[in-house]
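All remarks here apply to the structure that follows.
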Amino acid sequence: MTTGPRVCVVVPTRDAERTLERCLASVRAQTYRNVELIVVDNHSGDTTREIARRHADAVVVAGPERSAQRNRGWRMSGGEYVVFIDADMVLTDTVLADVVAAFRAEPGIGALVLPELAFGQGFLAQCRALEKRLYLGDGRVEAARAFPRRVLLDLGGYDEHLTAFEDWELPDRVRAAGYGIGRVASLVLHDEGRVGLRRAFRKKRYYGRWLPRYRQAHSAAPRPLGRPALLAHPLLALRAPHHFAGLLLLKAFEWSGLALGASEGRGRVRP
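Heads up, the sequence shown is in UniProt numbering, so the first residue is 1 and it goes up one at a time.
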């Protein structure tokens, strides 16, 4: 489809050469064709920008983190709708067509969740894939990635003081502003690569440093950090008992890292 409103896809990157080619190719392979693709690269030291230039309409070098990169991308776009994906994500063919159809069908919607599944190499990546299946349809966990540009203009985009939890924070403000949040059926596939316990701990520790700021900003209705969805589909877990056990181990490392990071981040929050 070459007619219809333009959709801008914004991809923030940093040293993403392993996954970026497949990510951008999936955007160009969409059945919906009126697409603007913008890559905002945070000073990569590998071939990320060379890959991006083969696919993107614009490649910009800017940082310092994802929230600022995403804001830089949508603000320079001409799209009526904006979709944010990461460099390790792959869109199935009809994601953008579904986004346009959903926004047109319900003008009061201010954001759309793009349901996500995972793939990767090794046992822990398979555990992560099980986790994503358990979370499907859980609005407490899933993040919205598609927005009308007018809503971004209204709310100012992502909070650039947050390097983590920004995927929750902006949809929380969308909801608080009175907009609805919908979802599409088409899937986004997340390339987890190889998942390691130490790396998972370090990543969540880093993200946890922004948790106090997020919770302060949304103290009236913060999202729960627990994961009841892990137990909401017992049959799915029972069909893969070894992967479920591995997932619990992985989450224990992640929750420990998150707790440590949050304790380190409390000093950053002003009373």
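Yeah, the Cβ is synthetic: ideal placement off N, Cα and C, and Gly gets one too.
Three or more beta-carbon pairs drawn from the segment 110 to 122 and the segment 180 to 192 are found closer than 8 Å, and the two stretches are therefore classed as touching. Sequence-distant Cβ neighbours of F253 in its own chain, meaning closer than 6 Å and more than five residues away, are L197, A200, F201. Relative to the Cα of D46, the nearest Cα in the group L20, D57, A25 belongs to L20. In the DSSP assignment, H190 falls outside any alpha helix (DSSP H) and within the unbroken beta strand (DSSP E) covering 188 to 194.
In the three-state DSSP reduction, D154 falls in the helix class (H, G or I). In this structure, H242 sits away from L134, with a CB-CB distance that is not shorter than 8 Å. With a cut-off of 8 Å on Cβ pairs, the segment 161 to 176 is not in contact with the segment 90 to 97, counting fewer than three such pairs. Around the beta carbon of G156, fewer than 16 other beta carbons sit within 10 angstroms, so the residue counts as exposed.
Going by beta carbons, V151 and R70 fall outside the 8 Å limit. As DSSP reads the structure, F123 sits in no beta bridge. Counting of Cβ neighbours within 10 angstroms places G180 among the exposed residues, the total staying below 16.
Inclusion of V59 and F147 in the CB contact set at 8 Å is not warranted, their separation being larger than that value.
Here G257 has F201, K204, R205 as same chain residues with Cβ atoms under 6 Å from its own Cβ, once five neighbours each way along the sequence are excluded. Annotation: the continuous alpha helix (DSSP H) that includes E21 extends over 20 to 28. Listed as beta-bridge partners of V11 by DSSP are V39.
One alpha carbon belongs to I85, the other to R145, and they sit about 7 Å apart. Residue pairing by DSSP places L91 opposite V188 in a beta bridge. For the pair R54 and A245, the Cα-to-Cα distance works out to about 42 Å. In the displayed model, G246 falls within a helix according to three-state DSSP. In this structure L211 is in contact with A262, their Cβ atoms being roughly 4 Å apart against a cut-off of 8 Å. Between the C-alpha atoms of L124 and E264 there is a straight-line separation of about 27 Å.
One thing to note: V39 has its Cβ within 8 Å of the Cβ of A52. Distances from the CA of R14 to each of H43, E80, R6 were compared; the closest alpha carbon is that of H43.
Within the model, the alpha-carbon separation for D138 versus G110 is close to 18 Å.
Bridge pairing for E116: V188 [DSSP]. The three-state reading of DSSP puts I85 in coil, since its state is none of H, G, I, E or B.
DSSP places F165 outside any beta strand (DSSP E), giving it a letter other than H or E.
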